[in-house]
């Protein structure tokens, strides 16, 4: 049983590591769009890796009776961590599908928000696995603030897009990427919300 | 424990009041687009207020063992009530971001459906807190009918849009707002569905 | 109680039958767009029929204490089966709303993936109701592979669309239908995921 505990916490840590690494890779990628095919391919690999971790956790959950934290919480954390990586992978693949070659300052801003959010998520997950529940809260607050920043970036980026871009197809591409990036900050917030309810119920 | 009960029911009532007030404000706002910035700002305030209520309920749920109705039901009601207000706030903010200045008859129709739906929701929530479960059903039926009306307005509005509007950027703006408004009627139906399952299990 | 068991399993079988029939009708419909109004109307009837089955299951769930499989699993299966039919019905209604008259090879490919997925779903549901749990797994694997094919069709179809179609309104229409069809393959995968967790917990 103690081994089982390890599997859940170890896999959650691995997911958090992968998400930080993938988001940093994403942030570098969007500042250098010279090879979007390689960029999209690498992001897809990160996403598959995260799918594997998700599968491991679900499989273990289905055969384990006693879990280190409530199974609904493990499930919710896993799903929202997976959503974060799916979100940035979907954006990376749009760079390829839409043949985007030019850098975009708003995408850079979103990527920066996401890098900072995923670092906060990683810190919070490691505190969870060390059972330092109360110390998690400040990271949740930081993630919520970053999600608000994501909302602000969306408002400004979409307003600017509609004010300046007259080519509708260009507008469609940018709008979708901005919205997907903002939604990814919402998935980060879902992680924070689950963590907050774990803290509340256990302290 | 009795005080705890009061907190859940009192906060659900406050959420319902806020949603009715916000939807009526929204309906007035879309018929007078002279100051979309002030309009979007006020809608954002309603949304923040509703977030506060959601936070109160989640916090209480996490520290309360005995709840007046099942915790999953309180959670589902809170989430879908919050979704309703998020939905109309997102529309209001698009009026600002997209610099929409002209009235739109379909948006007026959607707003009217939503005003009627939120009044039905409010009546149903007050019957729930008074434990008059059986009387809730007729309001659920009314909300379902209004959601069907929302579907019809979407079908007609989108058909008309694609038949008449030749400017693709104008089309993108209207299409998104219509779809978000229709989705908000779906969130109202989620409230009704949760209420119906509460009735069925308790009568 | 045994009768109750029958109601859940019988209704799930009826849902699976309807979904296969509706998806085959959809596949035929998208290859002959001579009467999109009749096509959309018939798909709407299938969707209403499926809503009835969903309602039956929810009503029974709310008044039954002992269910043949866990109630959360019945709920999850019902919801994702319903999502599959909602997904293709939404596409059919876009053919009508957008006055689409020309066949599209990618829509044909998606329809073919969905026909094969729903046949796999039907086989899996009938194995579930016969309690042949272990035999379900191969159908889940097939559904997952078909979902990957759906991802590939989306990537190619969207890339081709943005490379070739210069009319933004035409692009908006096709893009939405492709995305909705791909999402419907995701709903099929949700069915498979629920079935897999039922197998894991019961074998």
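Residue numbers (our numbering), protein chains in the order written: chain U, 13 to 215; chain C, 13 to 215; chain S, 13 to 215.
For glycine and all other residues, C-beta sits at the position ideal for the given N, C-alpha and C.
Under 8 Å between C-beta atoms of residue i and residue j
i	j	result
residue 145 of chain U	residue 215 of chain U	yes
residue 94 of chain U	residue 66 of chain U	yes
residue 103 of chain U	residue 158 of chain U	no
residue 100 of chain C	residue 51 of chain C	no
residue 137 of chain C	residue 28 of chain C	yes
residue 133 of chain S	residue 203 of chain S	yes
residue 68 of chain C	residue 96 of chain C	no
residue 151 of chain C	residue 169 of chain C	no
residue 171 of chain S	residue 88 of chain S	no
residue 180 of chain C	residue 184 of chain S	yes
residue 72 of chain U	residue 31 of chain U	no
residue 210 of chain U	residue 85 of chain U	yes
7 Å CB neighbourhood of residue i in its chain, flanking five on each side removed
i	result
residue 98 of chain S	59
residue 13 of chain C	Confidence at residue 13 of chain C is low in this model, with a pLDDT of 43, below 50, so the placement of that residue is unreliable and no value is reported for it.
residue 161 of chain U	125
residue 212 of chain U	none
residue 54 of chain S	37
residue 64 of chain U	none
residue 26 of chain U	65
residue 24 of chain S	89, 137, 141
residue 83 of chain U	73
Within chain U, the residues that residue i reaches when beta carbons sit closer than 8 Å
i	result
residue 174 of chain S	109, 110, 111, 181, 185
Beta-carbon proximity list for residue i, same chain, < 8 Å, skipping 5 on both sides
i	result
residue 21 of chain S	80, 140, 141
residue 108 of chain U	48, 49, 51, 52
residue 42 of chain U	107, 115, 116, 119, 120, 123
residue 198 of chain C	159, 162
residue 192 of chain S	99, 102, 103, 106
residue 155 of chain U	129, 132, 133, 136, 200, 201, 203, 204
Closer than 8 Å to chain S by CB, residue i
i	result
residue 74 of chain U	yes
residue 46 of chain U	no
residue 106 of chain C	no
residue 167 of chain C	yes
residue 13 of chain U	Legend: pLDDT at residue 13 of chain U = 42, less than 50; position of this residue unreliable, value from coordinates given subsequently. Judged by the 8 Å Cβ criterion, residue 13 of chain U is not in contact with chain S.
Proximal residues of chain S, C-beta to C-beta of residue i below 9 Å
i	result
residue 70 of chain U	205, 208, 209, 212
Neighbouring residues, chain S, relative to residue i (Cβ below 7 Å)
i	result
residue 170 of chain C	109
Neighbour flag for residue i against chain A, beta carbons, 8 Å
i	result
residue 215 of chain S	In the structure shown, chain A cannot be found, because the protein chains are U, C and S.
Test: residue i CB closer than 8 Å to a CB of chain C
i	result
residue 149 of chain U	no
residue 83 of chain U	no
Same chain only: Cβ atoms within 6 Å of residue i, ignoring 5 sequence neighbours per side
i	result
residue 186 of chain U	173
residue 208 of chain U	152
residue 110 of chain S	185
Any chain U beta carbon closer than 8 Å to residue i
i	result
residue 60 of chain C	no
residue 197 of chain S	no
residue 90 of chain C	no
residue 125 of chain C	no
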